[in-house]
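All remarks here apply to the structure that follows.
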Amino acid sequence: MLSKSLLYRAFTTHSQRAPSIVGLCNPLIDITMEVDSQNFLDKYQIRAGNAILADQPIHKQLISDVWGSYQSAQNSQGITVLPGGSGLNTIRAANFMLKSKYPQKCKFIGSVGKDSQAESLEKILENEGVVSLMSKAEGSTGQCAAIVYEKERSLVADLGAALKFPTEHVENVEQHIEEATILYATAFFLTSNTQALFKLLNKKPKSTQFALNLSATFLIDQYQKELHELIPQCDYLFGNEDEFAHLAKVMDLMKVDTNNEKDYFELCWKLKDKLKYPGHIVVTRGSKSVIVSNKDPKSYTVPKLEGKLIKDTNGAGDSFVGGFLSKIALGQNVESAVKGGMWCSRQVLQQVGCNFPDELPDPEGKLF
Numbered sequence: 001m002l003s004k005s006l007l008y009r010a011f012t013t014h015s016q017r018a019p020s021i022v023g024l025c026n027p028l029i030d031i032t033m034e035v036d037s038q039n040f041l042d043k044y045q046i047r048a049g050n051a052i053l054a055d056q057p058i059h060k061q062l063i064s065d066v067w068g069s070y071q072s073a074q075n076s077q078g079i080t081v082l083p084g085g086s087g088l089n090t091i092r093a094a095n096f097m098l099k100s101k102y103p104q105k106c107k108f109i110g111s112v113g114k115d116s117q118a119e120s121l122e123k124i125l126e127n128e129g130v131v132s133l134m135s136k137a138e139g140s141t142g143q144c145a146a147i148v149y150e151k152e153r154s155l156v157a158d159l160g161a162a163l164k165f166p167t168e169h170v171e172n173v174e175q176h177i178e179e180a181t182i183l184y185a186t187a188f189f190l191t192s193n194t195q196a197l198f199k200l201l202n203k204k205p206k207s208t209q210f211a212l213n214l215s216a217t218f219l220i221d222q223y224q225k226e227l228h229e230l231i232p233q234c235d236y237l238f239g240n241e242d243e244f245a246h247l248a249k250v251m252d253l254m255k256v257d258t259n260n261e262k263d264y265f266e267l268c269w270k271l272k273d274k275l276k277y278p279g280h281i282v283v284t285r286g287s288k289s290v291i292v293s294n295k296d297p298k299s300y301t302v303p304k305l306e307g308k309l310i311k312d313t314n315g316a317g318d319s320f321v322g323g324f325l326s327k328i329a330l331g332q333n334v335e336s337a338v339k340g341g342m343w344c345s346r347q348v349l350q351q352v353g354c355n356f357p358d359e360l361p362d363p364e365g366k367l368f
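full-length UniProt numbering puts the sequence shown at residues 1 to 368.
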């Protein structure tokens with residue numbers, strides 16, 4: 001007798017399914033704390049505008065102390081806690097775009113600890129309507145403390161349990177993968193469990209599109225072999241201008257001048273045969289433009305946002321991807337997806353942290 005999942009796969013086409021996006025990345029809980037003295041930075045040996053891993057005991061103590069202050073009613077003022085990690089930001093953004101009509105269709109896979117931080121993270125996701133498919137591992141939930149002094153952020157991250165995703169958890173999420181219209185992964189997840197990612201891809205029906213984000217230049221160096229195997233499976237390959245320029249260098253395709261848009265057009269032509277046909281390459285260039293290519297590369301100008309309206313750039317790129325994928329999941333074209341991505345990113349730029357308005361201002365999508 002056929003299993004329910006095989007029957008579902010056999011009789012349900014991509015066009016018949018409700019949009020469902022499953023994301024895969026290293027989840028974090030972001031704790032932002034505003035301080036009014038340089039003494040705080042000196043105490044914990046951090047510098048304004050710097051980003052580091054919590055490799056030293058003093059930096060682990062910082063994260064512990066900030067979390068303790070958040071949990072204390074007397075000391076929690078000026079501290080905000082939000083889900084973090086690139087992939088989780090993207091899934092939350094897609095959920096923001098879809099939840100008014102398609103609730104609980106954006107899901108997230110990753111690994112957290114068995115602690116109060118994981119409970120807080122999952123509670124926030126539940127309140128937002130994101131379905132958590134996270135596993136529980138030994139160790140503390142990944143955290144990133146952002147210390148804000150005179151508008152400068154100092155980031156201290158401890159990835160903790162995020163790097164301990166168990167391969168056997170793939171079996172627990174198999175049905176969600178089979179039901180998905182899009183499976184989205186970031187290259188950050190390669191630092192956790194490459195075997196699990198490839199196993200998830202093998203579970204994916206042909207009708208489920210695969211989107212990958214290059215995530216960071218150091219990952220392109222560190223995981224060349226894995227990316228060489230992943231890119232040909234991509235329906236959508238995302239990255240910023242630096243990441244694609246570095247990919248071109250590593251693949252020995254060409255030298256890219258990041259200030260020259262035409263170089264990215266040429267790179268798209270060189271990359272197009274590397275992706276699954278007819279795969280799309282999506283290059284984000286900050287406030288300058290977005291380039292999308294599956295046949296002929298096309299540049300989209302990013303609408304200007306007044307500086308006084310921008311509160312925080314954290315998560316702007318991740319939310320673009322979320323907005324983009326939400327439109328693709330709905331079966332809309334690339335131009336609509338780009339507009340949706342830009343619109344979603346614009347909302348996040350006007351929030352503190354990767355956060356969203358309480359309600360979708362334009363549930364019918366007329367603004368984009």
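No residue lacks a Cβ here, since even glycine has one placed at the ideal position from N, Cα and C.
When we look at the beta-carbon of residue i and count the other beta-carbons within 10 Å, is it buried (16 or more) or exposed?
i: Pro-297; result: buried
i: Pro-232; result: exposed
i: Gly-353; result: buried
i: His-59; result: buried
i: Ser-20; result: buried
i: Asn-127; result: exposed
i: Ser-287; result: exposed
i: Phe-189; result: buried
i: Ser-15; result: Residue confidence is low: Ser-15 scores 49 on pLDDT, short of 50, so the model does not pin down where it sits. No coordinate-derived value is stated.
i: Leu-7; result: The predicted model places Leu-7 with a pLDDT of 48, which falls under 50 and marks its position as unreliable; any figure quoted below should be read in that light. The residue in question, Leu-7, is exposed, as its Cβ has fewer than 16 Cβ neighbours within 10 Å.
Identify, in the order they occur along the chain, each residue of the same chain with its Cβ nearer than 7 Å to the Cβ of residue i, setting aside the five sequence neighbours on each side.
i: Pro-357; result: Gln-347
i: Lys-276; result: Pro-232, Gln-233, Cys-234 and Asp-235
Within the continuous beta strand (DSSP E) that includes residue i, where are the two ends?
i: Arg-153; result: 152–158
i: Ala-187; result: That residue, Ala-187, is in no beta strand (DSSP E); it is neither H nor E in DSSP.
i: Thr-301; result: 298–301
i: Cys-25; result: Here Cys-25 belongs to no beta strand (DSSP E), and DSSP marks it neither H nor E.
i: Gln-209; result: 209–213
i: Ile-231; result: No beta strand (DSSP E) holds Ile-231; DSSP gives it neither H nor E.
i: Ile-177; result: Element bounds for Ile-177: not the beta strand (DSSP E) but the alpha helix (DSSP H), 170–179.
i: Gln-117; result: No beta strand (DSSP E) contains Gln-117, which is instead part of the alpha helix (DSSP H) from 116–128.
i: Val-148; result: 143–149
Hey, residue i and residue j: beta-carbon distance below 8 Å or not?
i: Phe-238; j: Val-321; result: yes
i: Val-130; j: Arg-92; result: yes
i: Thr-258; j: Asp-235; result: no
i: Ile-220; j: Leu-247; result: yes
i: Ser-319; j: Asn-89; result: yes
i: Val-22; j: Ile-109; result: yes
i: Ser-116; j: Ser-192; result: no
i: residue 374; j: Thr-167; result: With the chain represented from 1 up to 368, any question about residue 374 goes unanswered, as that position is not in the structure.
Here's a check: name, in chain order, each residue in its chain whose Cβ is nearer than 6 Å to the Cβ of residue i, leaving out the five neighbours to either side.
i: Val-148; result: Glu-34
i: Asp-30; result: Leu-82, Gly-84 and Cys-144
i: Val-173; result: Ile-109 and Leu-133
i: Cys-268; result: Ile-281, Ser-293 and Pro-297
Give me the residue from the options with the minimum Cα distance to residue i.
i: Gly-317; options: Gly-341, Ser-64 and His-59; result: Gly-341
i: Asp-312; options: Leu-330, Lys-151, Leu-214 and Pro-278; result: Lys-151
i: Asn-26; options: Leu-183, Lys-274 and Ala-162; result: Ala-162
The alpha helix (DSSP H) spanning residue i covers which residue range?
i: Met-33; result: Met-33 -> not in any alpha helix (DSSP H); beta strand (DSSP E) instead, spanning 28–34.
i: Cys-354; result: Looking at the DSSP string, Cys-354 is not in any alpha helix (DSSP H), and its letter there is neither H nor E.
i: Gln-77; result: Neither: Gln-77 is in no alpha helix (DSSP H) and is coded neither H nor E.
i: Gly-322; result: 316–329
Spatial neighbours of residue i within its chain, please: CB distance less than 8 Å, with the 5 preceding and 5 following residues excluded, ordered by chain position.
i: Arg-47; result: Leu-41 and Ser-154
i: Ser-289; result: Glu-261, Ser-299, Tyr-300, Thr-301 and Val-302
Check whether the Cβ of residue i lies closer than 8 Å to any Cβ atom in chain C.
i: Thr-167; result: Among the protein chains of the structure shown there is no chain C, as only one such chain exists.
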